[in-house]
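There are 2 protein chains.
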Amino acid sequence: MSATMKSPKPKLAVIAQTLGVSVATVSNALSGKGRVSPEVAEQIRSTASALGYVPSVAGRALRTGRSGVLGLVLPDIANPLFPQIAQAMEHAAASAGYGVLIGDSRGDVEMQTQAIDRLIERGVEGLIVIPRRGTRILDVGCPVAVVDTPSTPGNTVASDHWDGGRQMGSYLSSLGHRRIVIVGGSPLSNVQADRVGGLKAGFGASVQVDLLWIEKLEAEKGQGCSLGLAEQVEQGVTAFAALSDLTALRVLTELQRHGINVPDQASVTGFDDLVWASVVTPGLTTMRMDMARVAHLAVGALVDAIATVPRFPGGQLGTVVAEQERVPMELVVRQSSGQVQRGGGA
Amino acid sequence: MSATMKSPKPKLAVIAQTLGVSVATVSNALSGKGRVSPEVAEQIRSTASALGYVPSVAGRALRTGRSGVLGLVLPDIANPLFPQIAQAMEHAAASAGYGVLIGDSRGDVEMQTQAIDRLIERGVEGLIVIPRRGTRILDVGCPVAVVDTPSTPGNTVASDHWDGGRQMGSYLSSLGHRRIVIVGGSPLSNVQADRVGGLKAGFGASVQVDLLWIEKLEAEKGQGCSLGLAEQVEQGVTAFAALSDLTALRVLTELQRHGINVPDQASVTGFDDLVWASVVTPGLTTMRMDMARVAHLAVGALVDAIATVPRFPGGQLGTVVAEQERVPMELVVRQSSGQVQRGGGA
DNA sequence: CTAGAACGCTTAAACGATTAATCATGTCCG
DNA sequence: CGGACATGATTAATCGTTTAAGCGTTCTAG
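Taken in order, these protein sequences are the chains called A and B.
Sequential numbering of the first sequence, starting at 557, is according to my numbering.
Sequential numbering of the second sequence, starting at 557, is according to my numbering.
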């Protein structure tokens with residue numbers, strides 16, 4: 557105990573002095589780079605850990621020009637999807653030896669630029685950007701991984717929202733549903749647009765499909781207005797495919813509120829498998845993303861780009877490409893969806 | 557255009573050379589610390605911005621020993637509350653000139669320690685910790701702000717969960733409810749325990765109150781089991797006070813599923829005002845936290861501590877104290893709560 | 001037998017900013 | 001007129017790490 561408290565912050569020099577070698581040797585031994593005899597290397601390693609040596613990030617960063625930090629910028633941190641993303645990214649980055657600095661653009665395009673600038677100033681080596689609707693990331697001086705949806709130009713890696721939609725569509729179709737309403741927030745979102753496309757493809761030709769955009773409806777009838785779903789059911793609609801779990805929740809509760817039994821009278825499905833999908837009654841059938849994989853690919857692509865970029869000082873800095881661009885989604889069937897019931901049709 | 561592209565990465569030396577002064581003067585001028593004539597200072601500042609000078613974080617960090625980064629560690633990033641917290645903290649930190657590095661402990665106590673270590677190694681100057689249930693943060697070598705609930709020992713600042721409970725309790729009581737069930741996840745959570753205490757105090761003596769802990773019930777009857785709320789209503793319960801919005805959602809949907817009208821037959825309330833609280837039907841009455849203020853206080857306390865700590869090299873490093881420990885919560889009344897109806901009692 | 005390679009380690013120069021100490025000018029006042 | 005002083009700028013050391021270059025010594029091969 558008393559032995560360990562004499563040196564407050566062990567640096568390379570302390571280890572070097574303790575063993576009577578030079579700091580360069582210590583550095584080489586710990587990084588395994590230069591030429592150091594196995595015995596000395598072992599000694600250095602053991603005394604380093606004995607002294608509780610922790611390399612100074614600042615010193616290293618200054619010398620190597622590498623901060624070991626990635627930036628994660630999100631359109632809106634308040635997005636319920638964010639926890640999943642952040643957790644997965646942090647984990648993937650940590651595995652690759654990187655830290656994650658967060659940047660919040662609060663849904664504002666201008667603030668997104670500011671947030672990116674702040675991160676750059678902090679010396680991030682790469683950026684993971686979940687772009688604000690339709691935003692295009694220009695060259696910012698460091699590699700950027702864009703995570704949106706495969707159809708977005710410049711996208712690096714993302715869940716395959718289109719195919720997720722297709723899976724959900726064919727699932728609903730296979731349950732016998734022939735009149736389905738797709739409920740979404742805004743058609744401007746690339747992700748939602750892709751999901752719609754996939755859903756329609758999955759439904760097949762025999763399904764009559766309508767679209768309901770909440771943002772548009774609320775613009776007319778006011779925030780939090782009724783979506784008029786009960787009437788839809790009366791008119792023969794048997795399933796509602798929401799484009800997000802948040803929307804699905806709204807649909808589900810509005811239907812229940814009107815005494816419509818889910819799934820007996822109408823099926824409801826969502827996207828994303830957010831936390832509450834499993835706690836509501838009935839449990840929500842939804843599409844789950846493999847965020848861990850998306851994060852792994854995004855971080856991997858970024859790290860690769862970081863490693864190769866220094867070779868081309870004036871080289872093309874921009875959005876990087878991953879080995880795999882689209883990650884499959886997985887259908888999670890719970891109780892909110894079921895076979896279409898007899899006599900439900902018009 | 558052509559003039560700005562000759563110097564790839566402007567450092568102090570470049571500015572110094574351009575104006576024929578020393579780097580020290582440039583540094584002094586930009587930081588406003590040393591003695592520099594107003595004219596020269598102005599020149600320096602203008603050419604600095606003209607050249608697009610950005611101070612090297614690494615260089616500064618190495619010299620000053622200050623990284624300008626705070627660490628945010630959470631018990632579980634997947635917690636739906638996280639977006640609010642992260643957003644508020646990032647904003648508060650950015651205002652104070654700090655960046656925020658995230659650390660996820662994935663609900664595991666051991667990983668919490670690892671996450672903290674990683675952040676320390678990255679040179680964070682201070683930590684904001686939302687502790688895992690009952691975890692005690694030992695001295696970690698830098699100031700720590702603990703955000704949990706005022707009753708937690710070592711807590712720095714937090715929403716006043718007890719008083720939030722009290723407000724909600726007296727609100728429900730004022731609506732005429734006399735038989736109320738409190739529904740929570742686990743009594744081990746300090747936050748939930750405080751909310752329970754406050755609720756009971758707010759109800760007053762005339763209310764008959766029961767507690768329902770979901771974790772305990774699920775341990776017996778299995779994950780996602782029914783909470784048996786419909787029977788409670790039959791037996792005369794007129795209100796359910798959930799200890800979080802997630803739980804409230806579960807309660808609300810289970811009641812609706814059983815054909816119970818909310819709020820006519822039973823009122824449901826939650827805590828936290830999460831995103832979905834406003835989109836469900838009926839809209840959820842809940843208590844909103846002032847996360848921006850909590851974050852502001854936490855970051856402020858941390859920054860103060862960072863500024864004063866160097867004075868006491870061996871001084872007391874531990875959880876810091878804020879100027880205000882408890883931040884009031886605000887009652888948000890929506891449609892899920894209402895006057896108790898006649899004939900609802902036993 | 002000796003030129004050169006291989007080895008193991010040390011020297012020393014960066015990286016970019018901060019800051020104490022120092023130095024060169026004037027200015028002011030006795 | 002000369003010494004003290006304030007002012008404005010410079011010099012040089014320093015933070016901790018990495019890494020190219022250098023330098024003896026030993027080993028190998030022609």
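Glycine residues also receive a C-beta, built at the ideal position from the N, C-alpha and C atoms.
Among the options, whose alpha-carbon lies nearest the alpha-carbon of residue i?
i	options	result
LYS565(B)	LEU607(B), THR574(B), THR864(B), VAL582(B)	LEU607(B)
GLU881(B)	ALA714(B), GLY663(B), ARG601(B), ASN584(B)	ALA714(B)
VAL596(A)	VAL610(A), PRO611(A), VAL579(A)	VAL579(A)
GLN895(B)	HIS733(B), GLY874(B), VAL888(B)	HIS733(B)
ASP909(A)	GLN670(A), ALA757(A), PRO743(A)	The first residue shown for chain A is 557 and the last is 902, placing residue 909(A) beyond what the model contains.
VAL739(A)	LEU858(A), ARG849(A), VAL610(A), LEU808(A)	LEU808(A)
VAL700(B)	PRO706(B), VAL685(B), PRO709(B)	VAL685(B)
GLU677(B)	SER729(B), GLY621(B), ASP632(B)	GLY621(B)
VAL859(A)	ARG662(A), ASN817(A), VAL889(A), ALA650(A)	ALA650(A)
GLU774(A)	SER834(A), SER730(A), LEU783(A)	LEU783(A)
ASP828(B)	GLN640(B), GLY590(B), TYR609(B), ARG662(B)	GLN640(B)
ARG735(A)	VAL765(A), PRO706(A), TYR727(A), LEU744(A)	VAL765(A)
LYS772(A)	LEU744(A), GLN788(A), VAL883(A)	LEU744(A)
ILE770(B)	VAL835(A), ARG722(A), GLY590(A), GLN748(A)	VAL835(A)
LEU887(B)	ALA671(B), ALA833(B), VAL876(B), PRO611(B)	ALA833(B)
VAL763(B)	ASP750(B), TYR727(B), ALA642(B)	TYR727(B)
GLN643(B)	ALA648(A), VAL570(A), GLY663(A)	GLY663(A)
LEU767(B)	GLU776(B), CYS781(B), VAL752(B)	VAL752(B)
GLY780(A)	LEU840(B), LEU805(B), LEU785(B), ASN584(B)	LEU840(B)
ALA786(A)	ARG806(A), GLU810(A), GLU776(A), LEU805(A)	GLU810(A)
THR603(B)	SER612(B), ARG616(B), LEU586(B)	LEU586(B)
GLN670(A)	ALA652(A), ALA648(A), ILE693(A)	ILE693(A)
VAL527(B)	ALA749(B), ALA795(B), TYR609(B)	With chain B running from 557 to 902 in the structure shown, residue 527(B) is simply not present.
PRO611(A)	ARG601(B), ASP673(B), ALA652(B)	ASP673(B)
Check whether the Cβ atoms of residue i and residue j sit closer than 7 Å, and answer yes or no.
i	j	result
VAL831(B)	VAL793(B)	no
LEU626(B)	VAL582(B)	no
GLY874(B)	ASP695(B)	yes
ALA851(B)	MET645(B)	yes
LEU618(A)	ALA797(B)	no
GLY760(A)	SER729(A)	yes
THR691(A)	VAL656(A)	no
ALA878(B)	LEU853(B)	yes
SER661(A)	PRO636(A)	no
GLN891(A)	GLN812(B)	no
THR705(B)	ASN746(B)	yes
ARG849(A)	VAL883(A)	yes
PRO819(A)	SER893(A)	yes
ASN584(B)	VAL577(B)	no
ILE862(A)	GLY682(A)	yes
Look up residue i in the DSSP assignment and give the residues it is bridged to.
i	result
MET843(A)	LEU887(A)
VAL629(A)	GLY659(A), VAL685(A)
SER823(B)	ALA795(B)
VAL765(B)	ILE736(B)
THR603(B)	Answer is none; THR603(B) lacks a bridge partner.
ARG882(A)	ALA714(A)
THR875(B)	VAL700(B)
Thinking residue i and residue j are a contact (beta carbons under 8 Å), I'd like their distance in whole angstroms, please.
i	j	result
GLY659(B)	VAL703(B)	14 Å between Cβ atoms; not a contact.
SER654(B)	GLY624(B)	Before going on, a small fix: residue 654(B) reads as Tyr here, not Ser. Confirmed, about 6 Å.
ARG689(A)	GLN668(A)	The pair is not a contact, with the Cβ atoms about 11 Å apart (cut-off 8 Å).
GLY754(B)	HIS814(B)	With 8 Å as the limit, GLY754(B) and HIS814(B) do not qualify as a contact, their Cβ atoms being about 29 Å apart.
THR837(B)	GLY826(B)	Actually they are not in contact, since the Cβ atoms of THR837(B) and GLY826(B) sit about 15 Å apart, beyond 8 Å.
SER800(A)	GLY741(A)	7 Å
MET885(A)	MET845(A)	6 Å
LEU575(A)	GLN599(A)	6 Å
### Query
Can you list, in chain order, the stretches of the beta strand (DSSP E) that have 3 or more residues and sit fully within the segment 682-754 of chain B?
682-685, 700-702, 735-740
### Task
Just list the alpha helix (DSSP H) runs in the segment 567-596 of chain A, keeping only unbroken ones of 4 residues or longer that don't cross its boundaries, in chain order.
568-575, 579-587
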